[in-house]
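Positions 798 to 1785 (the numbering used here) are the ones given, in order, by the sequence shown.
Glycine included, each C-beta is placed from N, C-alpha and C at the ideal position.
Take a look at the structure set out below.
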Amino acid sequence: MLTLLFRKMRNTKWMVLCLLIGFIMASAMMSTIPIYMNASLQRMLVKDMEAFQLENDIYPGAYNTSYSVTLDISAEEQRKEIDSVSELVTDSYDDLDCPALTEKKYIADEYLYVTTIDVAPGESASRLTLGAMTGIEDHVSLTSGRMYESGQRGDGVYEVITTERALKVSGLVTGTVYEIANVFDQSASIKIEIVGTFDVADENDSYWAEGLDSEYLNTMFMDYDLLYGSVLDTGAVSINAFAQRYAMDYQHMNMNNMSSMLEKTDAQALVYSDNNITFNLPAASILEDYGERASRLRLILWLLQIPVIMMILVYLFMVSQLNVEQEKNEIAVFKSRGASRFQIMLIYAMESLFLGVITAVTGPFAGMGLCRILGASNGFLEFVNRKSLPISMTKDAFLYAGIAVIVFFVTTMVPIVPATKTTIVEHKQSKAKKKKFPLWEKLCLDFILAGGSIAWLYFYNDQQEKLISEGLTDTTATVNPLMFIASTAFILGLGLFFIRIYPALIRLVARIGKRFWSPSAYVSLSNIGRCANGRERFLMIFLILTVSLGVFFANTARALNRNAEERVSYSIGADVTMAEEWESSKTTAAASQPQSASGNITTAEETEEESDDGSDEIIQYIEPVFERFENLAGVNSATKVFIKDEVTIQSGKMKVSKSSSENDDERNPEDFMQDYQSASRTSDHSDSVKLMTVIPSEFSKVCWFEDRLLPVHINEYLNALSEYNAGVILSSSFRDKYGLELGDTVNCSWGANEEFETTILAFVDYWPAMNPYETDESGNYKDFAIMNFDYVRVQTTVEPYQVWIDLDDGTTTEEFYDSIENSDIDPTMLNVKSQEIISEKTDPMLQGMNGALTLGFIIIMIMCIIGFLIYWILSIKSRTLQFGILRAMGMSYGGVIAMIIYEQLLVSGVSIFTAIFIGGAASDLFVPLFQSLYDASEQVPGFAVIPLRSDYLKLYAVIAVMLLTGFAVLGRLISKIKISQALKLGED
């Protein structure tokens, strides 16, 4: 049996090799799901923790417990109480199953004083704390003196060490013996000597997460076991404070346990509270937020794998069908020669198990290797030299690989079962029968898949538009797994429709050019035209699926990365935006006093406060020299941009519905009755307008803006502002909601400034740094207005403005930062677009999606190459007799080669060409749905599918490699075919 098995595998070594590589890749793909997912979640957690530490200067992984020990009990009872608390804390932390960088216990007597120092009348004795900490010796650096001895000296003195700051606070010095006693019991005392001072050995050491000077301001440290033992037994010291602290190693947390960790810490907090133990976990808020973000990232990564998993299933189905078709004759021969169905199935089961064992062992490690490469992805098929993901093998990887092997085994064996029922005679008869249309064609599955996906797309887009129109900008909770299934279904539906009509098109082409085709071309057209349900259709639908999904993945990744960059660029508005604090002075002026356009300005916040208070006091500012910004390194252009919130725009033609800003939960029935009675009342102004004033000629040189967002180029709008200084560009809401029209006059005012008139020049949906989804306190979308800087400056008191800068190409951020440091500019706001884009691209969410899309693309293309080779290898080997017959009929060897090339073009070439169009259509329809992964208020501008030539060049390169590899393999196979023997077969 084994001899027969290995002989069979040797005779079909190409098929076996392709099967093995294919299933190793399929297993690797399945294995990467848990590996890459855990690594992405790990990176996200680490980044969240690091951001928390930078913002709050607190180690987020600290697990702190403290306990006030009972004083009026014996030393032995105190030890029992401390041991009991320590055991509870230790068991609780171990239950979290979280590795710890450091662990320490701390005990102290905080009520000691020095008895040997004379105290002046009216002053108190020097107080100090005698403490001890486990492992302190390995985490300090002595600044003077030496480390303490761990026992009592011969002269009865105990040695301690402390910090320089503690010496200053206590007034003690090193090298002097002091006698100390407890303030509550002066009957017993001990002698100590400060033999050294220390500082932390490493400022980044998590051992000192709680801080040194802040937490141990007046503490003298001695050996832990000494204080806990003989010193406590003297009765002069009574421990009143105990703390046990852990520093979580959050970089090596088990991601599978994160969901339960927060639940456990919440339960532990209740237990600690019941036992009078103080518990502090700085990372609690991070873990709460992480749970939501991790669930979202896990969902997205899973959904991104849906098309790939579906592609793997199609691949398995195609390979198993091709394998069965190739082996049917051999199976029938076995059956006719007396082999039982069980014996035949056992042979193929052993072959599948043999390949399955190899796959199960090697698949997870292949997947881990892929994840290591993808960890450095900076975009789709873009890799940078950065620290890779924290990849580690998990049990789930082998579990997923095992599932892939089981699917592989079942998929391989299921087609074998009906094949074992067929004898050699029945098999030959079935080949002569006219083949029926496949089931999918009878059921019109192509129309169902394509039409159903389009109908779902229309419904989904309609629902999203309704949510946004109602003010619900956060649509992330509406992420629907069907959006990923529908895109694949659409591609599959169009692919099936194409192979439905393709044979008829080929037959039509063959008939039209019947008189002109060469023999090899005519044979090729005839073969393809008769492939109503042959293996050619398997290859065509497989190539259409793989290449279309490749195009879809490329466009999805490009849209995600492009829109991430656009989102940052739009929100900032230029290469650099910055502002600085202006010098100010207070003056008193009457509210009605005329105001001039001087160099002194009033801030918006203070003006609003003065208006609210009814005060006439105005704070004026001295405008700094603007040329300093133009002289910074790398500055190409710079301009002044004034931005002001809560500006009032008023017009008699405006009809603004009044709405309450109160929370519905806080309102009583009378409030709702008043709203009902005043529902028809409107006002003639909007007082939540965001104003931006610009210098048109300069603003056009520095601003970043995507041309597709406006009907005409933004410079046309700036030209209008330049030609008519008193003009204003308003957001489209003024036209759509308030009824204003072009040419209308509106009044503008804020704070203590008097109203001034402007004329509407245009309405726009977008403008640099203006978010149309930004809301005011009542939850309504803010309106915005754009005016001429010089005109507004003449009409109002000048207020602090921002400086927008365009940098020269090639200017590094480091050079720009250095020039700011060397100048007298002290920015209170500094946004650099290039740095924000880097930060955005290193976001774990985007990196996870980039990696998943790149991984899916690579796996799909590898399966495409393998499937391509499998088909043509089987096709060439099964048609040796046909080649001989054609040669016997007079076709030259070159004609046979030309026939194969024509078939390659008609099957593979047309499939790839069609797949590119189908993938592009699917991208245009379904890629914009990915914007639902983000809050609409954060996703400005919206998603746009704008393919780049480089992405398609990458795809074409992969396809070219596939075709060249296929031609090389096929050429080698054809060269080894003994055409003379095939010719004899044809002559016979």
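Considering Cα atoms alone, identify which of R1532, Y1563, L1539, V1499 is closest to P1508.
In the sequence shown, counting from the first residue as 1, residue 1508 sits at position 711. The residue with the shortest Cα to Cα distance from P1508 is Y1563.
Going by DSSP in three states, K1311 sits in which element: helix, strand or coil?
Along the sequence shown, read from residue 1 onward, the residue named residue 1311 stands at position 514. Looking at K1311 - three-state DSSP - the assignment turns out to be coil, as it is neither helix nor strand.
Give me the Cα-Cα distance between R1355 and K1125, rounded to the nearest whole angstrom.
As a first step, residue 1355 is located in the sequence shown; it is residue number 558 there, counting from the start. As a first step, residue 1125 is located in the sequence shown; it is residue number 328 there, counting from the start. Cα-Cα distance, rounded: 45 angstroms.
For a cutoff of 8 angstroms on Cβ pairs, would you count F1426 as touching chain D?
As a matter of chain content, chain D is missing from the structure shown, which is built from one protein chain.
Excluding the five sequence neighbours on either side, which residues of its own chain have a C-beta within less than 7 angstroms of the C-beta of Y1699, listed in chain order?
Along the sequence shown, one-based indexing puts residue 1699 at 902. Excluding sequence neighbours, Y1699 sits near S1317, A1318, S1321.
M1626 classed as buried or exposed, judged by whether at least 16 other C-beta atoms fall within 10 angstroms
Counting from 1 along the sequence shown, the entry for residue 1626 is found at position 829. That one is exposed.
Alpha-carbon spacing of Q1809 relative to E1377, whole angstroms:
Nothing about residue 1809 can be reported from this structure: the residues present for the chain run from 798 to 1785 only.
C-alpha gap between K1638 and N1358, whole angstroms
If you number the sequence shown from 1, residue 1638 lands on position 841. If you number the sequence shown from 1, residue 1358 lands on position 561. In a straight line, the C-alpha of K1638 is about 8 angstroms away from that of N1358.
Closer than 7 angstroms by C-beta to A1274: which residues in its own chain qualify, once you throw out the five before and the five after it? Chain order, please.
Position 477 of the sequence shown holds residue 1274. Because the pLDDT of A1274 is 48, which lies under 50, any placement of that residue in the model is unreliable, and the number read from its coordinates should be weighed accordingly. So the list is empty, once near-sequence residues are dropped.
Within a Cβ cutoff of 6 angstroms, which residues of the same chain sit near S1528, ignoring the five residues on either side of it in sequence?
In the sequence shown, residue 1528 corresponds to position 731, counting from 1. Closer than 6 angstroms at the Cβ level, and outside the excluded window around S1528, lie D1580, F1581.
What ranges does the alpha helix (DSSP H) occupy inside the segment 1567-1622, keeping only unbroken runs of at least 4 residues that lie completely in it?
Secondary structure in the segment 1567-1622: the alpha helix (DSSP H) runs of 4 residues or longer, each lying completely within the stretch, are 1586-1592, 1610-1619 in chain order.
Should I1663 go down as buried or exposed, given a rule of 16 or more other Cβ atoms within 10 Å for buried?
One-based indexing of the sequence shown puts residue 1663 at position 866. Around the beta carbon of I1663, 16 or more other beta carbons sit within 10 angstroms, so the residue counts as buried.
Can you tell me whether DSSP reads C1500 as helix, strand or coil?
On the sequence shown, residue 1500 is found 703 positions in, with the first residue counted as 1. In the structure shown, C1500 falls within a coil segment according to DSSP collapsed to helix, strand and coil.
If contacts are defined as beta-carbon pairs under 8 angstroms, then T971 and V992 qualify, I think. What distance do you get, rounded to the angstrom?
Working through the sequence shown from its first residue, we reach residue 971 at position 174. Working through the sequence shown from its first residue, we reach residue 992 at position 195. Contact holds; Cβ gap of about 7 angstroms.
Inside the segment 1634-1706 only - alpha helix (DSSP H) runs reaching at least 4 residues:
Within the segment 1634-1706, the runs of alpha helix (DSSP H) that reach at least 4 residues and sit entirely inside it are, in chain order, 1641-1675, 1677-1685, 1690-1701.
Hey, out of Y856, G1431, V1130, whose CA is closest to L898's CA?
In the sequence shown, the residue the question calls residue 898 occupies position 101. When only C-alpha atoms are compared, the closest one is Y856.
By Cβ distance below 7 angstroms, which residues in the same chain neighbour E1406 in space, the five residues on each side in sequence not counted?
Residue numbering aside, residue 1406 sits at position 609 when the sequence shown is read from its first letter. Confidence at E1406 is low in this model, with a pLDDT of 43, below 50, so the placement of that residue should be treated as unreliable; the coordinate-derived value is given next. Taken in chain order, the list of residues that qualify is empty.
Anyone know if the C-beta pair for L927 and L1024 falls short of 8 angstroms?
Position 130 of the sequence shown, counted from the start, is the residue given in the question as residue 927. Position 227 of the sequence shown, counted from the start, is the residue given in the question as residue 1024. Yes, they are a contact pair.
Mapping the DSSP letters down to three states, classify Q1102 as helix, strand or coil.
Here residue 1102 refers to the residue found at position 305 of the sequence shown. Taken through DSSP and simplified to helix, strand or coil, Q1102 comes out as helix.
Backbone CA spacing between E841 and L851 [nearest angstrom]
The count along the sequence shown starts at 1 and reaches residue 841 at position 44. The count along the sequence shown starts at 1 and reaches residue 851 at position 54. Note that residue 841 is Met in the sequence shown, not Glu. So the alpha carbons of these two residues sit roughly 15 angstroms apart.
Note down the Cα distance separating F1076 from A1066, rounded to an integer number of angstroms.
In the sequence shown, counting from the first residue as 1, residue 1076 sits at position 279. In the sequence shown, counting from the first residue as 1, residue 1066 sits at position 269. Rounded to the nearest angstrom, the gap between the Cα atoms of F1076 and A1066 is 6 angstroms.
Please state whether DSSP places W1237 in a helix, a strand or coil.
Within the sequence shown, the letter at position 440 stands for residue 1237. It is helical.
Compute the Euclidean distance between the alpha carbons of T1651 and F1350, then round it to the nearest angstrom.
Translated into the one-based positions of the sequence shown, residue 1651 becomes position 854. Translated into the one-based positions of the sequence shown, residue 1350 becomes position 553. So the two alpha carbons sit approximately 8 angstroms from each other.
Report yes if the C-beta distance between K1441 and W1601 is below 8 angstroms; otherwise report no.
Position 644 of the sequence shown, counted from the start, is the residue given in the question as residue 1441. Position 804 of the sequence shown, counted from the start, is the residue given in the question as residue 1601. Cβ distance not < 8 angstroms, so K1441 and W1601 don't count as in contact.
For D1372, the three-state DSSP class (helix, strand or coil):
Along the sequence shown, one-based indexing puts residue 1372 at 575. DSSP places D1372 in coil when its eight states are reduced to three.
Residue burial classification, D1541 (beta-carbon count within 10 angstroms, cutoff 16)
For the purposes of this step, residue 1541 is identified with residue 744 of the sequence shown, where counting begins at 1. With 16 or more other Cβ atoms within 10 Å, it is buried.
Give the secondary structure of L1787 by DSSP, where H, G and I count as helix, E and B as strand, and everything else as coil.
In the structure as shown, the chain starts at 798 and stops at 1785, and residue 1787 therefore has no counterpart that could be examined.
State the DSSP-derived secondary structure class of C1168, mapped to helix, strand or coil.
The sequence position of residue 1168 within the sequence shown is 371, counting from 1. Assigned with DSSP and collapsed to three states, C1168 falls in helix.
Do F1287 and S1250 have their C-beta atoms within less than 8 angstroms of each other?
If you number the sequence shown from 1, residue 1287 lands on position 490. If you number the sequence shown from 1, residue 1250 lands on position 453. With respect to S1250, F1287 sits close: the two C-beta atoms are nearer than 8 angstroms.
What do you get for T940, buried or exposed, if any count of 16 or more other CB atoms within 10 angstroms of its CB means buried?
Start at 1 with the first residue of the sequence shown, and residue 940 comes out as number 143. Label assigned to T940: exposed.
Out of D1605, M1660, T1608, point me to the one whose CA is closest to Y1112's CA.
The residue given as residue 1112 occupies position 315 in the sequence shown. Taking each of D1605, M1660, T1608 in turn and checking the Cα distance to Y1112, the smallest one comes out for M1660.
With T762 and C1168 assumed to form a contact (beta carbons below 8 angstroms), what rounded beta-carbon distance in angstroms separates them?
Nothing in the structure corresponds to residue 762, since the chain is present only between 798 and 1785.
I need the straight-line Cα distance from M1210 to M1696, nearest angstrom please.
Residue 1210 sits at position 413 when you count from the first residue of the sequence shown. Residue 1696 sits at position 899 when you count from the first residue of the sequence shown. Near 35 angstroms, if we compare the C-alpha coordinates of M1696 and M1210.
Could you spell out where the alpha helix (DSSP H) holding L1518 opens and where it closes?
Within the sequence shown, residue 1518 is the residue found at index 721, counting from 1. First-last of the alpha helix (DSSP H) with L1518: 1511-1520.
Go ahead and pull the three-state DSSP assignment for P1624.
On the sequence shown, position 827 is the one that residue 1624 refers to. Residue state for P1624 is assigned as strand, using DSSP reduced to three classes.
Apart from the five residues just before and just after D1002, which ones in its own chain have a Cβ nearer than 7 angstroms to its Cβ?
By 1-based counting over the sequence shown, the position of residue 1002 is 205. Here the set comprises H936.
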